[in-house]
Amino acid sequence: MSPPAVTTTYREAMRAALRDALARDPRVFLMGEDVGRYGGCFAVSKGLLDEFGPERVRDTPLSESAFVGAGIGAAMGGMRPIVEIMTVNFSLLALDQIVNNAATLLHMSGGQFNVPLVIRMTTGAGRQLAAQHSHSLEGWYAHIPGIRVLAPATLADARGMLWPALEDPDPVLIFEHGSLYGVEGELPADAGPVDITRAAVRQPGTDVTLVAYGGTLAKALQAADTLAQEGVSAEVIDLRTLRPLDDETILGSVRRTGRAVLVDEGWRSGSLSAEITARIVEGAFYDLDAPVARVCSAEVPMPYAKHLEDAALPQPPAIVAAARRLVGRHG
Amino acid sequence: MSAPLPDRGHAQHLLHEMLRIRRFEEKCAELYGAGKIRGFVHLYIGEEAVAVGVVQALEPDDAVVATYREHGHALVRGVGAGPIMAEMYGKVEGCSRGRGGSMHLFDARTRFYGGNAIVGGGLPLAVGLALADKMQGRARVTACFFGEGAVAEGEFHESMNLAALWRLPVLFCCENNLYAMGTALGRSESEPDLCLKASSFEMPAWAVDGMDVLAVEDAARRAALAVRAGGGPCFLELRTYRFRAHSMFDPELYREKAEVEAWKRRDPIAVFTTRLKDAALLGDDDLARLEDRVATEVAEATAFAEAGTWEPVADLTRFVYSERTS
Chain A
1 MSPPAVTTTY REAMRAALRD ALARDPRVFL MGEDVGRYGG CFAVSKGLLD EFGPERVRDT
61 PLSESAFVGA GIGAAMGGMR PIVEIMTVNF SLLALDQIVN NAATLLHMSG GQFNVPLVIR
121 MTTGAGRQLA AQHSHSLEGW YAHIPGIRVL APATLADARG MLWPALEDPD PVLIFEHGSL
181 YGVEGELPAD AGPVDITRAA VRQPGTDVTL VAYGGTLAKA LQAADTLAQE GVSAEVIDLR
241 TLRPLDDETI LGSVRRTGRA VLVDEGWRSG SLSAEITARI VEGAFYDLDA PVARVCSAEV
301 PMPYAKHLED AALPQPPAIV AAARRLVGRH G
Chain B
1001 MSAPLPDRGH AQHLLHEMLR IRRFEEKCAE LYGAGKIRGF VHLYIGEEAV AVGVVQALEP
1061 DDAVVATYRE HGHALVRGVG AGPIMAEMYG KVEGCSRGRG GSMHLFDART RFYGGNAIVG
1121 GGLPLAVGLA LADKMQGRAR VTACFFGEGA VAEGEFHESM NLAALWRLPV LFCCENNLYA
1181 MGTALGRSES EPDLCLKASS FEMPAWAVDG MDVLAVEDAA RRAALAVRAG GGPCFLELRT
1241 YRFRAHSMFD PELYREKAEV EAWKRRDPIA VFTTRLKDAA LLGDDDLARL EDRVATEVAE
1301 ATAFAEAGTW EPVADLTRFV YSERTS
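Structure below.
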């Protein structure tokens, strides 16, 4: 008998994952700005300070470089830190530690020092937070060898990706799209760890593959619904793991459908979507029935005004339009 | 003011350690000229008393985080001279399998955490290693070496604050050799008093004559004792001088020859040798014996590196991610 499903939110699922990790392993601790007394700037860690105490739910000063670097050092010293950075834009203040240390130490030391660190941060736009709180820079991090990059888009992944990330001997970055925290849904009461190596087919289809992740998954699924009403069968892939990319699932789908629309909230130039395009062209060129299409953010720092922000972001109508072009329907 | 002279054995041990660094690095310079060593190589010559003095205060399971000028620290901490030299050759027998080179010496056995070539980049790591010790109830010290140039970096201030705020067992060792590459301290700091800066973090801070190995050892022992006892971090400013170029290509336009010569008259090895001889703690035969031992060690290290092998190119992408055995 399968356990009953409970109604929960992405935020609560992430909190349950944190609580579970803190309870399971005494080496695990959470640190970051306002994760304790404030309860987390997106209320993800609310209540955990009372439950686990200030040693294991650690408020830090506004020193991204020092507390991320301290996470790296603590990981090498035998702990399993979870470092929270408020937004990906703030993570740029810790870029030295993430890129020059976390990603390199194992290699520079000839395999002697691995860094079992998890860094969580929010990413993405949609909340009118303008150009210093809204960017999608996870594609930059996906460029870096030595780290694993995850993007949980569903409640099950919000609940299940943290533990395997902590079990990974190397640094893992988890990008949580800010628009997802309030998303409500059903989750089995005994939901637990999930695989963090493979992309997932969220909806099977035969005519065109829509590739999305994180905050764009729901938009791709919405576009697929619209396309279905027009008789176009879209397969929707959720990347889940941005580095390393699951070529097998992506290319396997494109080989079946012969068409691909890549949806990426990052800017188009030099983006994750550019990388996936290249892989499709390298690996599935002769299976393509149409050029690869991309729906990305407009190449502009994210504006504040709602109508401009909406216009800057990938939206379902643009995804639908791109798919229609590929299948030769101009409705 | 220097500390009192130690017994004959320890005095000669300190001299031996400084000589090991000096002769090893003289060989490095020679091998660089011969094309055996490439990349950047930053010599510690002139600053030996700092690493040797501080390391005396460390226990075997303490940790060291150092900079790209770290051959000396690695040597006195117990990383083998052979693996260090092999690393500079780029051989797989190197202490980082040839993946790091001169600037990235690592050794898990001695808890030597590099070899960090981003100025200031090692300080947060040291804070984290100390945090792990504190959270796991271990009375260990993490010694973190960095130059005075790092004081201008945000990571210095962030790390000092965090270590002091959380009372973490870090021994901050600022090697003040007066120049950040070619930029003099007075040209980069509005407040050049480094101890004053450290004190602003509510951290005990002392300035020490870094050319005097006994003064360094004495200060480091007192600081390490306080740190190990749980009193939080300490800061030592070790006033020293680099006798050689910043790296291997440096016309030294930024400092006067007379200044270099004046500091060389304070050579930590020459001055200490004279002092020991005057106190009858070192004879000519003792010195010859020490030099012989060092020469043998350096020759063996070089032979080890020469005999080393190149990692197969097929292994190029190893150690990007951990190799799981399961």
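Sequences listed follow chains A and B, in order.
Following the numbering used here, the residues of the first sequence are numbered contiguously, the last one being 331.
Following the numbering used here, the residues of the second sequence are numbered contiguously, the last one being 1326.
Virtual Cβ for every residue (Gly too), placed ideally from N, Cα, C.
Three-state class that DSSP yields for residue i in the structure shown
i: Gln-229 of chain A; result: helix
i: Thr-1110 of chain B; result: coil
i: Glu-51 of chain A; result: helix
i: Asp-1007 of chain B; result: coil
i: Arg-19 of chain A; result: helix
i: Glu-184 of chain A; result: strand
i: Met-14 of chain A; result: helix
i: Ala-1034 of chain B; result: coil
i: Gly-1115 of chain B; result: strand
i: Glu-1087 of chain B; result: helix
i: Asp-310 of chain A; result: helix
is_contact[residue i, chain B] using C-beta, thresh 8 Å
i: His-107 of chain A; result: yes
i: Gly-47 of chain A; result: no
i: Pro-301 of chain A; result: no
i: Ala-311 of chain A; result: no
i: Leu-18 of chain A; result: no
i: Ile-333 of chain A; result: There is no way to answer for residue 333 of chain A, as the model of chain A reaches only from 1 to 331.
i: Asp-170 of chain A; result: yes
i: Asp-246 of chain A; result: no
i: Glu-275 of chain A; result: no
i: Gln-112 of chain A; result: yes
i: Gly-178 of chain A; result: no
CB contact below 8 Å: residue i versus chain A
i: Glu-1070 of chain B; result: no
i: Ile-1037 of chain B; result: no
i: Gly-1078 of chain B; result: no
i: Arg-1097 of chain B; result: yes
i: Tyr-1321 of chain B; result: yes
i: His-1042 of chain B; result: no
i: Arg-1318 of chain B; result: yes
i: Ala-1301 of chain B; result: no
i: His-1104 of chain B; result: yes
i: Gly-1033 of chain B; result: no
i: Gly-1308 of chain B; result: no
i: Ala-1108 of chain B; result: yes
C-alpha distance - residue i paired with residue j, whole-angstrom precision
i: Gly-1078 of chain B; j: Gly-139 of chain A; result: 42 Å
i: Tyr-10 of chain A; j: Arg-159 of chain A; result: 8 Å
i: Arg-1242 of chain B; j: Arg-1266 of chain B; result: 12 Å
i: Glu-1237 of chain B; j: Met-1203 of chain B; result: 12 Å
i: Gly-78 of chain A; j: Glu-1323 of chain B; result: 18 Å
i: Ser-65 of chain A; j: Glu-186 of chain A; result: 37 Å
i: Ala-13 of chain A; j: Thr-209 of chain A; result: 28 Å
i: Ile-174 of chain A; j: Ala-298 of chain A; result: 24 Å
i: Asp-195 of chain A; j: Glu-235 of chain A; result: 21 Å
i: Leu-221 of chain A; j: Ala-165 of chain A; result: 26 Å
i: Pro-317 of chain A; j: Val-6 of chain A; result: 32 Å
i: Arg-243 of chain A; j: Ile-147 of chain A; result: 7 Å
i: Gly-252 of chain A; j: Thr-104 of chain A; result: 32 Å
i: Tyr-181 of chain A; j: Val-28 of chain A; result: 23 Å
i: Asp-341 of chain A; j: Arg-202 of chain A; result: Not covered by the structure: residue 341 of chain A. The range shown for chain A is 1 to 331.
i: Ile-1045 of chain B; j: Ala-102 of chain A; result: 31 Å
i: Val-211 of chain A; j: Asn-89 of chain A; result: 24 Å
i: Gly-47 of chain A; j: Leu-1185 of chain B; result: 47 Å
i: Gln-1056 of chain B; j: Glu-1217 of chain B; result: 6 Å
i: Glu-1047 of chain B; j: Glu-1153 of chain B; result: 22 Å
i: Ala-1063 of chain B; j: Thr-1110 of chain B; result: 8 Å
i: Glu-84 of chain A; j: Val-99 of chain A; result: 16 Å
Residue i Cβ short of 7 Å to the ligand ADP heavy atom set
i: Glu-1087 of chain B; result: Absent from the structure shown: the ligand ADP. Ligands present: none.
Give, in chain order, every unbroken run of the beta strand (DSSP E) that is at least 3 residues long and sits entirely within the region 1052-1079 of chain B. Counting only runs of 3 or more, we get 1063-1067.
Taking Cβ-Cβ distances below 9 Å as the criterion, which residues of the region 1114-1132 of chain B are in contact with chain A? Result list: Gly-1114, Gly-1115, Asn-1116, Ala-1117, Ile-1118, Gly-1120, Gly-1121, Gly-1122, Leu-1123, Pro-1124, Leu-1125, Ala-1126, Val-1127, Gly-1128, Leu-1129, Ala-1130, Leu-1131 and Ala-1132.
Return the residues of the region 1159-1193 of chain B that lie within a Cβ-Cβ distance of less than 8 Å from chain A, sorted by chain order. Within the region 1159-1193 of chain B, the qualifying residues are Ser-1159, Asn-1161, Leu-1162 and Leu-1165.
Length-filtered (4 minimum) alpha helix (DSSP H) runs lying within the region 44-93 of chain A: Listed in chain order, the complete alpha helix (DSSP H) runs (minimum 4 residues) inside the region 44-93 of chain A are 48-52, 64-76 and 88-91.
What are the residues in the region 1130-1157 of chain B lying within 7 Å of chain A by C-beta distance? Per Cβ criterion, the list reads Leu-1131, Ala-1132, Asp-1133, Met-1135, Gln-1136, Gly-1154 and Glu-1155.
3 or more residues per run - each beta strand (DSSP E) lying fully within the region 1135-1205 of chain B: Taken in chain order, the complete beta strand (DSSP E) segments of 3 residues or longer contained in the region 1135-1205 of chain B are 1142-1147 and 1170-1176.
The region 86-105 of chain A: which residues have C-beta closer than 7 Å to a C-beta of chain B, in chain order? When C-beta distances to chain B are compared with 7 Å, the residues of the region 86-105 of chain A below that value are Asp-96, Gln-97, Asn-100 and Asn-101, in chain order.
Interface positions of the region 1213-1239 of chain B facing chain A (Cβ-Cβ less than 8 Å), listed along the chain: Under the 8 Å Cβ criterion, the region 1213-1239 of chain B contributes no residue.
Check distances from the C-beta atoms of the region 116-137 of chain A to those of chain B and list, in chain order, the residues that come in under 7 Å. Against chain B - using a Cβ distance shorter than 7 Å - the region 116-137 of chain A contributes no residues.
Closer than 9 Å, Cβ to Cβ, to anything on chain B: give me those residues from the region 203-226 of chain A, in chain order. When C-beta distances to chain B are compared with 9 Å, every residue of the region 203-226 of chain A stays at or above that value.
Residues in the region 145-169 of chain A with C-beta within 7 Å of chain B's C-beta atoms, listed in sequence order? The residues in question are Pro-145, Gly-146 and Pro-169.
Give, in chain order, every unbroken run of the beta strand (DSSP E) that is at least 3 residues long and sits entirely within the region 186-219 of chain A. The region 186-219 of chain A contains these whole beta strand (DSSP E) runs: 200-203 and 208-212.
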